[in-house]
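Numbering (the working numbering) for the sequence shown: 2 to 419.
Cβ atoms here follow ideal geometry from the backbone N, Cα and C, with glycine treated the same way.
Structure first, then comments.
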Amino acid sequence: MSEKLFSRAKQVIPGGVNSPVRSFRSVGGTPYFVARAEGPYIWDSEGNRYIDYVMSYGPAIAGHCPPQIIDAIQQASGNGTSYGAPTLSEIEIAEEITKRVHGVDTVRLVSSGTEATMTAIRLARGATGRDKIVKFSGHYHGHADSLLAAGGSGVANQGISGSSGVPASAVADTIVTPWNTIPDLDSSVAALILEPLPANMGVVPPKENFLTELRNLCDNHGVLLVFDEVITGFRLAEGGASQWYGVTPDLWCFGKVIGGGLPMGAYGGSSDVMSNVAPLGDVYQAGTLSGNPIATAAGLTQLRLLDASAYERLEIGAKSLAEGLCAAFNSAGIDAVVPQVGPILSIFFTSQIPTNFDEAQEAAKNGKYAEFFHAMLSRGVALAPGPYEALFPSLAHTEKIISETIEIAHEAALEIAQ
Ligand SMILES: *Cc1c(COP(=O)(O)O)cnc(C)c1O
Numbered sequence: 002m003s004e005k006l007f008s009r010a011k012q013v014i015p016g017g018v019n020s021p022v023r024s025f026r027s028v029g030g031t032p033y034f035v036a037r038a039e040g041p042y043i044w045d046s047e048g049n050r051y052i053d054y055v056m057s058y059g060p061a062i063a064g065h066c067p068p069q070i071i072d073a074i075q076q077a078s079g080n081g082t083s084y085g086a087p088t089l090s091e092i093e094i095a096e097e098i099t100k101r102v103h104g105v106d107t108v109r110l111v112s113s114g115t116e117a118t119m120t121a122i123r124l125a126r127g128a129t130g131r132d133k134i135v136k137f138s139g140h141y142h143g144h145a146d147s148l149l150a151a152g153g154s155g156v157a158n159q160g161i162s163g164s165s166g167v168p169a170s171a172v173a174d175t176i177v178t179p180w181n182t183i184p185d186l187d188s189s190v191a192a193l194i195l196e197p198l199p200a201n202m203g204v205v206p207p208k209e210n211f212l213t214e215l216r217n218l219c220d221n222h223g224v225l226l227v228f229d230e231v232i233t234g235f236r237l238a239e240g241g242a243s244q245w246y247g248v249t250p251d252l253w254c255f256g257k258v259i260g261g262g263l264p265m266g267a268y269g270g271s272s273d274v275m276s277n278v279a280p281l282g283d284v285y286q287a288g289t290l291s292g293n294p295i296a297t298a299a300g301l302t303q304l305r306l307l308d309a310s311a312y313e314r315l316e317i318g319a320k321s322l323a324e325g326l327c328a329a330f331n332s333a334g335i336d337a338v339v340p341q342v343g344p345i346l347s348i349f350f351t352s353q354i355p356t357n358f359d360e361a362q363e364a365a366k367n368g369k370y371a372e373f374f375h376a377m378l379s380r381g382v383a384l385a386p387g388p389y390e391a392l393f394p395s396l397a398h399t400e401k402i403i404s405e406t407i408e409i410a411h412e413a414a415l416e417i418a419q
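So, in structure tokens, the structure goes:
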């Protein structure tokens with residue numbers, strides 16, 4: 002059935018998928034086609050059930066198909082799907098975001114994380130009158146031309162360095178620098194953009210005080226510090242990575258969790274910086290579906306489910322999963338590390354947690370991840386089909402589900418050890 006659907010898909014969709022990482026290219030085999038999902042589970046088109054750790058790559062933090070979000074979507078959609086005029090629910094979600102993230106005074110809604118980062122860069126350039134941007138290798142900021150260079154996630158998975166179709170002129174002002182090493186900045190640089198907790202080259206945490214040092218460095222050179230919190234926003238804590246690490250950037254980018262499973266992103270910052278955005282200022286950004294009423298209803302409902310106790314449960318779950326996976330690899334005699342920060346974790350089949358993209362790539366190239374991926378999938382656990390992706394346990398991943406996963410991991414680890 003999957004084979005049949007995949008060949009049918011390949012007739013009409015490039016590679017059969019609408020986002021490259023879904024293609025299974027880096028693990029081999031045929032992708033499962035999802036028929037439905039609920040709580041921690043997905044069911045494929047053949048009726049097989051899997052405990053899911055892909056969770057839409059992050060958005061489904063409350064579990065799949067939470068009744069509150071489905072209700073909110075049904076109610077909102079009964080009133081219409083898009084108007085091209087402002088709505089109350091846009092104010093409500095913007096209020097919710099600014100309340101949670103200290104330092105975000107105003108926020109503009111867009112339709113994806115890519116749009117958020119792309120616009121944050123334009124805004125940083127507009128606000129500073131400078132052209133250059135600095136990014137870290139292995140950090141993924143969506144697929145806008147100027148940010149694809151040395152990207153993580155699918156860009157890394159597919160072994161493409163950046164992308165063809167990006168003219169040299171589009172990346173002429175992009176400087177790529179290694180993570181966890183203090184970069185060179187000067188007064189020609191508009192923005193330093195980063196994932197404060199990188200999770201698209203596997204999870205590669207910042208060294209102690211690294212983010213504070215970057216904050217000081219940016220201040221010294223008048224460079225805007227941009228946190229791409231598309232993964233970490235509303236996931237690490239109510240206030241995301243800026244709260245978790247106690248470092249305040251100038252601009253934030255959001256996505257994933259913020260839309261409750263519908264297409265939404267956002268960028269925000271101080272009123273001062275944000276006043277450069279049209280119609281107040283001359284940095285242009287627009288969107289037919291921006292602030293879409295169904296997406297705002299879903300996103301707002303999801304954010305309201307995420308209180309302090311929710312973050313505590315997410316972290317406890319992720320911690321026991323990380324420990325359980327480590328124990329499984331240990332007892333099978335497999336070299337592996339499972340970096341975990343709050344509710345985010347990933348697996349590297351190596352003996353030390355990588356500290357930058359070179360080390361992450363070195364760790365990923367032994368092919369062990371693909372073996373483990375298939376050993377888990379055949380036992381009913383769906384990990385992301387690529388060694389650089391994180392695991393996203395949700396509020397629906399109860400203690401019971403996590404222990405079940407760990408038991409399965411013990412079997413899978415023994416299989417790949419042989
Ligand atoms: C997913 C992601 C993006 C891109 O978001 P899309 O909604 O896929 O466009 C940008 N930055 C980070 C850190 C991400 O993880």
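Going by the CB atoms, is the gap between residue j and residue i shorter than 8 Å?
{"i": "R101", "j": "V278", "result": "no"}
{"i": "A242", "j": "A391", "result": "no"}
{"i": "T107", "j": "S291", "result": "no"}
{"i": "E116", "j": "G261", "result": "no"}
{"i": "A191", "j": "A296", "result": "no"}
{"i": "I71", "j": "A298", "result": "no"}
{"i": "L6", "j": "S46", "result": "yes"}
{"i": "A95", "j": "Q303", "result": "no"}
{"i": "Y51", "j": "V382", "result": "yes"}
{"i": "G48", "j": "K257", "result": "no"}
{"i": "G203", "j": "F349", "result": "yes"}
{"i": "S27", "j": "A361", "result": "no"}
Step through the CB atoms of chain D and report whether any lies within less than 8 Å of the CB of residue i.
{"i": "K257", "result": "In the structure shown, chain D does not exist; there is a single protein chain."}
Short of 6 Å in beta carbon distance, which residues of its chain neighbour residue i, apart from the five on each side in sequence? Order them along the chain.
{"i": "A319", "result": "Q341, P344, L346 and P394"}
{"i": "L384", "result": "Y54, F374 and M377"}
{"i": "G326", "result": "According to the sequence shown, residue 326 is Leu rather than Gly. Correct list, in chain order: V339 and A410."}
{"i": "I407", "result": "G325"}
{"i": "H103", "result": "G240"}
{"i": "A365", "result": "P388"}
{"i": "T249", "result": "G104 and S243"}
Comparing C-alpha positions only, which one of the options sits nearest to residue i?
{"i": "I259", "options": "W245, G240 and T249", "result": "G240"}
{"i": "V274", "options": "W253, L263, A287 and G266", "result": "W253"}
{"i": "P21", "options": "V35, H144 and P41", "result": "H144"}
{"i": "Q69", "options": "E91, G40 and Y84", "result": "G40"}
{"i": "K369", "options": "A337, L396, G234 and S147", "result": "A337"}
{"i": "G334", "options": "R50, I417, Q12 and H65", "result": "I417"}
{"i": "P388", "options": "Q286, E363 and L301", "result": "E363"}
{"i": "S467", "options": "R131, P32, I122 and A128", "result": "Limits of the chain in this structure are 2 at one end and 419 at the other, which puts residue 467 out of reach."}
{"i": "N181", "options": "G166, P206 and S170", "result": "P206"}
{"i": "G130", "options": "I52, V284 and F235", "result": "V284"}
{"i": "T289", "options": "A36, Y84, E360 and A371", "result": "Y84"}
{"i": "M119", "options": "D229, S352 and S310", "result": "D229"}
{"i": "N293", "options": "V105, P264, G104 and S189", "result": "P264"}
{"i": "Y312", "options": "L281, I348 and H398", "result": "H398"}
{"i": "E214", "options": "D174, F34, G247 and S188", "result": "G247"}
{"i": "V105", "options": "S27, Q244, A61 and P15", "result": "Q244"}
{"i": "H140", "options": "S170, I176 and A169", "result": "I176"}
{"i": "A128", "options": "A361, E372, L281 and A329", "result": "L281"}
{"i": "A287", "options": "N210, P87, V167 and N367", "result": "P87"}
{"i": "T99", "options": "V13, Y268, D187 and G166", "result": "Y268"}
{"i": "I317", "options": "L396, V231 and V111", "result": "L396"}
{"i": "P386", "options": "K11, Y33 and A10", "result": "Y33"}
Skipping 5 residues on each side, what residues in its chain have a beta carbon closer than 8 Å to that of residue i?
{"i": "G163", "result": "L149, A150, A151, G152, V156 and V172"}
{"i": "T178", "result": "V135, K136, F137, S138, P184 and D185"}
{"i": "R380", "result": "I409, E412 and A413"}
{"i": "E97", "result": "L301, L304 and R305"}
{"i": "E4", "result": "T31"}
Under three-state DSSP, which class holds residue i?
{"i": "L198", "result": "coil"}
{"i": "D174", "result": "coil"}
{"i": "D53", "result": "strand"}
{"i": "R216", "result": "helix"}
{"i": "D229", "result": "strand"}
{"i": "W180", "result": "coil"}
{"i": "Y246", "result": "helix"}
{"i": "K401", "result": "helix"}
{"i": "G160", "result": "With a pLDDT of only 42 at G160, under 50, the local geometry of the prediction cannot be trusted, and the value read off the model is given with reservation. Three-state result, G160: coil."}
{"i": "D45", "result": "strand"}
{"i": "E91", "result": "helix"}
{"i": "H375", "result": "helix"}
{"i": "C254", "result": "strand"}
{"i": "V274", "result": "helix"}
{"i": "S20", "result": "coil"}
{"i": "F330", "result": "helix"}
{"i": "H144", "result": "coil"}
Do the segment 119 to 138 and the segment 189 to 200 touch if we need at least three Cβ pairs shorter than 8 Å? yes
Within the chosen definition, does the segment 356 to 370 reach the segment 395 to 406 through at least 3 CB pairs nearer than 8 Å? no
Do the segment 17 to 34 and the segment 224 to 236 meet, that is, are 3 or more Cβ pairs less than 8 Å apart? no
Is there contact here, the segment 77 to 84 with the segment 230 to 240, by at least three beta-carbon pairs under 8 Å? no
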